[in-house]
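Encoded as structure tokens, the structure appears first; notes follow it.
2 protein chains.
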Amino acid sequence: MEVTVIGLGLIGGSLCAAVRECGLAKRIRGVDSSPLHRAQAVELGLVDAALPLEEALAGADLVVLAIPVNALIELLPRVLTQADPSSTVTDMGSTKELICRAVEGHPQRRRYVPSHPMSGTENSGPTAFVPTLFARKTAVICEKELCEPFHLERVEGLYRALKMRLVHMSPKEHDLHAAYVSHLSHVISFVLANTVLEKEQDVNTIFDLAGGGFESTVRLAKSTPTMWTPIFEQNRTHVLNALDSYLDHLRAFRDSLTQPSTDENFRLIENANRIRRALESMATRGTKT
Amino acid sequence: MEVTVIGLGLIGGSLCAAVRECGLAKRIRGVDSSPLHRAQAVELGLVDAALPLEEALAGADLVVLAIPVNALIELLPRVLTQADPSSTVTDMGSTKELICRAVEGHPQRRRYVPSHPMSGTENSGPTAFVPTLFARKTAVICEKELCEPFHLERVEGLYRALKMRLVHMSPKEHDLHAAYVSHLSHVISFVLANTVLEKEQDVNTIFDLAGGGFESTVRLAKSTPTMWTPIFEQNRTHVLNALDSYLDHLRAFRDSLTQPSTDENFRLIENANRIRRALESMATRGTKT
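The structure is reproduced here in structure tokens:
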């Protein structure tokens, strides 16, 4: 299969590595607006060639867009128009509703399979690639009823080959769930970083003490605004709802700290502990294909 | 050296394992109010014997208390009274001000070295022990001026043998910094768990999507109320201040999401990204002894 990956950052670069490792591609061509990223992707062997968009689209069986969601909305309709009539097109964007809307009624709509592999790290750029980034994680496919079965199967086959679980939902459902599980986690991590950085002028002091759980909670705060500002913009309504619900729970927790009795605080923590079982049941289910 | 560890949970159990591994102890005796934890600690070889308090204190060179901070306040003065006149006593509690106050003016005060090794996991009980839990983390020592040099050196020697960095500060400074770096991280993680658990009745749906950063942000929410409610209670003032500062930053971030321009949101995320350099500089400094 001829695979073309547009966007050679962490996600696109990891996809190239994973696709190569599972032997799915005869050739991988890459597209990126950054000359540095193009050079790095070639040097790391992630792509066989880094080319201008038009050249990279010619003869591609599968075209994957892995660029920030604001750029996706602009580029996806054009790629769908310019790609070969037999090409399958998919994207890996973290929002789905506005992206699907951008190609609503597009004459080539049935060759496009909206998807979101739920996996990432806080790092960026092709040098941050992780060949196993997708394994045992979930890939969401949206609007499968609007996809030609041949193209749907090609994209689902890709994710299965990467050892991902497949889940189907509507773009709206995806954006709602993603707001709670992924986007809210990023907001609270960014805000934790801002709080601590403002408070602690003496960076050494605070980071001497980072062993106590801070590092994992603040990990996502290293994620770039280039990727995340557009996600928050496109998923604004759901993110604001999730954030408001979070604020309610935060105020309730704060209240429990001001009460003479610690019973309510104990109860709130005990309730939060239920997350352990939920996460463990996920790990147990493992890879479903 | 004869070492007695009071409290055979994650911290006490890990301490036993680490002390044994570095060859510091001739014998390790353990004390725990839970028969199950006592049996597990013996079976895992963490302690040579699990004994009642009085027996375990007799002849101990070093007594380490690793119990929840509310129990610490009760037990520490008694241990200091009952332990052999040559014993060194230290604790591993996550708060320091009220604990130090509990033994203020105690006739044996100079044999007690207040400490807090800043390290842990979200798990509990002796079976969760991690022999390398302390390595390359920071141990805070408070009120060293109130400790007999011999006893101070014994406790600092212990932490050095565990490959920890040593930092000295007042109990008040410790509690302030810990509120921002450790306790606040736990609050926001507990609250994230409560928010998501309330919203998502269909646990499967949400946890299929947990790849997107949720798992690391919510990890600390598995920590037990038995340990954390007393920490929040003892460090209430600093935790409330940290939480209010966090709430201010959270509202500012929320505001940035409602503005027509995304500039402010971009700026806030860019500011949060500075945490990367701060954490990297910590990693680079490595172990100082």
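Listed in order, the protein sequences are those of chains A and B. Take the first sequence: its position 163, counting from 1, is numbered 767 in the numbering used here, and each next residue is one higher. Take the second sequence: its position 119, counting from 1, is numbered 723 in the numbering used here, and each next residue is one higher. Note that the Cβ used here is the ideal one computed from N, Cα and C, for glycine as well.
9 Å Cβ cutoff, residue i in contact with chain B
{"i": "Ser793 of chain A", "result": "yes"}
{"i": "Trp724 of chain A", "result": "For the sequence presented, residue 724 of chain A should be read as Gly rather than Trp. True, the Cβ-Cβ gap to chain B drops below 9 Å."}
{"i": "Val646 of chain A", "result": "no"}
{"i": "Pro718 of chain A", "result": "no"}
{"i": "Arg880 of chain A", "result": "yes"}
{"i": "Val800 of chain A", "result": "yes"}
{"i": "Ser820 of chain A", "result": "yes"}
{"i": "Ala706 of chain A", "result": "no"}
Distance CB(residue i)-CB(residue j) smaller than 9 Å
{"i": "Val717 of chain A", "j": "Glu760 of chain A", "result": "yes"}
{"i": "Arg624 of chain B", "j": "Leu655 of chain B", "result": "no"}
{"i": "Ile615 of chain A", "j": "Ala653 of chain A", "result": "no"}
{"i": "Ala645 of chain A", "j": "Leu619 of chain A", "result": "no"}
{"i": "His559 of chain B", "j": "Ser698 of chain B", "result": "Only positions 605 to 893 of chain B appear in the structure, and residue 559 of chain B is not among them; the question remains open."}
{"i": "Arg713 of chain A", "j": "Leu750 of chain A", "result": "yes"}
{"i": "Leu648 of chain B", "j": "Ile610 of chain B", "result": "no"}
{"i": "Val693 of chain B", "j": "Val667 of chain B", "result": "yes"}
{"i": "Ala846 of chain A", "j": "Thr866 of chain B", "result": "no"}
{"i": "Leu684 of chain A", "j": "Arg715 of chain A", "result": "yes"}
{"i": "Phe794 of chain A", "j": "Phe857 of chain B", "result": "yes"}
{"i": "Gly817 of chain A", "j": "His710 of chain B", "result": "no"}
{"i": "Leu796 of chain A", "j": "Ile792 of chain B", "result": "yes"}
{"i": "Met605 of chain B", "j": "Leu813 of chain A", "result": "no"}
{"i": "Gly627 of chain B", "j": "Phe733 of chain B", "result": "no"}
{"i": "Leu801 of chain A", "j": "Ala882 of chain B", "result": "yes"}
{"i": "Ala629 of chain B", "j": "Ala825 of chain A", "result": "no"}
{"i": "Pro829 of chain B", "j": "Glu874 of chain A", "result": "yes"}
{"i": "Ser827 of chain A", "j": "Ser691 of chain A", "result": "no"}
Cut-off 8 Å between Cβ atoms - residues of its own chain near residue i, not counting five sequence neighbours on either side
{"i": "Asp688 of chain A", "result": "Leu661, Ala662, Gly663 and Ala664"}
{"i": "Gln686 of chain B", "result": "Leu657, Glu658 and Leu661"}
{"i": "Val651 of chain B", "result": "Val609, Leu612, Cys620, Ile632, Arg633, Gly634 and Ala645"}
Nonlocal neighbours in the same chain, by C-beta distance under 7 Å from residue i, ignoring five residues either side
{"i": "Lys700 of chain A", "result": "Pro718, His720, Cys746, Pro775, His778 and Asp779"}
{"i": "Leu851 of chain B", "result": "none"}
{"i": "Lys748 of chain A", "result": "Leu756 and His772"}
{"i": "Ile703 of chain B", "result": "Val673, Leu676, Ile677, Leu680, Asp695, Gly697 and Pro718"}
{"i": "Val707 of chain A", "result": "Leu680, Pro681, Leu684, Arg713 and Tyr716"}
{"i": "Pro735 of chain A", "result": "Ser618, Ala621, Ala622 and Glu625"}
{"i": "His861 of chain B", "result": "Rather than His, the amino acid found at residue 861 of chain B in this sequence is Leu. These residues qualify, in order along the chain: Asn869."}
Exposed unless 16 or more other CB atoms sit within 10 angstroms - verdict on residue i
{"i": "Glu726 of chain A", "result": "buried"}
{"i": "Ser637 of chain B", "result": "exposed"}
{"i": "Gln863 of chain B", "result": "exposed"}
{"i": "Leu640 of chain A", "result": "exposed"}
{"i": "Ala782 of chain A", "result": "buried"}
{"i": "Asp859 of chain B", "result": "exposed"}
{"i": "Arg855 of chain A", "result": "exposed"}
{"i": "Asp848 of chain B", "result": "exposed"}
{"i": "Ser885 of chain B", "result": "exposed"}
{"i": "Thr841 of chain B", "result": "exposed"}
Test: residue i CB closer than 9 Å to a CB of chain A
{"i": "Phe733 of chain B", "result": "no"}
{"i": "Leu861 of chain B", "result": "yes"}
{"i": "Asp812 of chain B", "result": "yes"}
{"i": "Ala856 of chain B", "result": "yes"}
{"i": "Ala825 of chain B", "result": "yes"}
{"i": "Glu749 of chain B", "result": "no"}
{"i": "Gly697 of chain B", "result": "no"}
{"i": "Glu785 of chain B", "result": "Checking the sequence shown, residue 785 of chain B turns out to be Val, not Glu. Yes, contact with chain A."}
{"i": "Ala797 of chain B", "result": "yes"}
{"i": "Gly890 of chain B", "result": "Note that Gly890 of chain B scores 47 on pLDDT, short of 50, meaning its location in the model is unreliable; the coordinates nonetheless yield the value given after this. So, not an interface residue."}
{"i": "Thr694 of chain B", "result": "no"}
{"i": "Tyr763 of chain B", "result": "no"}
{"i": "Ala622 of chain B", "result": "no"}
{"i": "Ile873 of chain B", "result": "yes"}
{"i": "Thr742 of chain B", "result": "yes"}
Check: residue i C-beta below 8 Å from any heavy atom of the ligand NAP
{"i": "Ser885 of chain A", "result": "Ligands displayed in this structure: none; no statement on the ligand NAP is therefore possible."}
Cut-off 6 Å between Cβ atoms - residues of its own chain near residue i, not counting five sequence neighbours on either side
{"i": "Leu766 of chain A", "result": "Ala622 and Phe738"}
{"i": "Val843 of chain B", "result": "Ala783, His787 and Phe836"}
{"i": "Thr731 of chain B", "result": "Gln644"}
For this session: Please list the residues of the segment 656-679 of chain B that have a C-beta atom closer than 7 Å to any C-beta atom in chain A, keeping them in chain order.
Result: Listed by position, the residues of the segment 656-679 of chain B near chain A (Cβ gap below 7 Å) amount to none.
For this session: With 7 Å as the C-beta to C-beta threshold (strictly closer), list the residues of the segment 765-781 of chain A near chain B in chain order.
Result: The segment 765-781 of chain A vs chain B, Cβ under 7 Å: Arg769, Val771 and His781.
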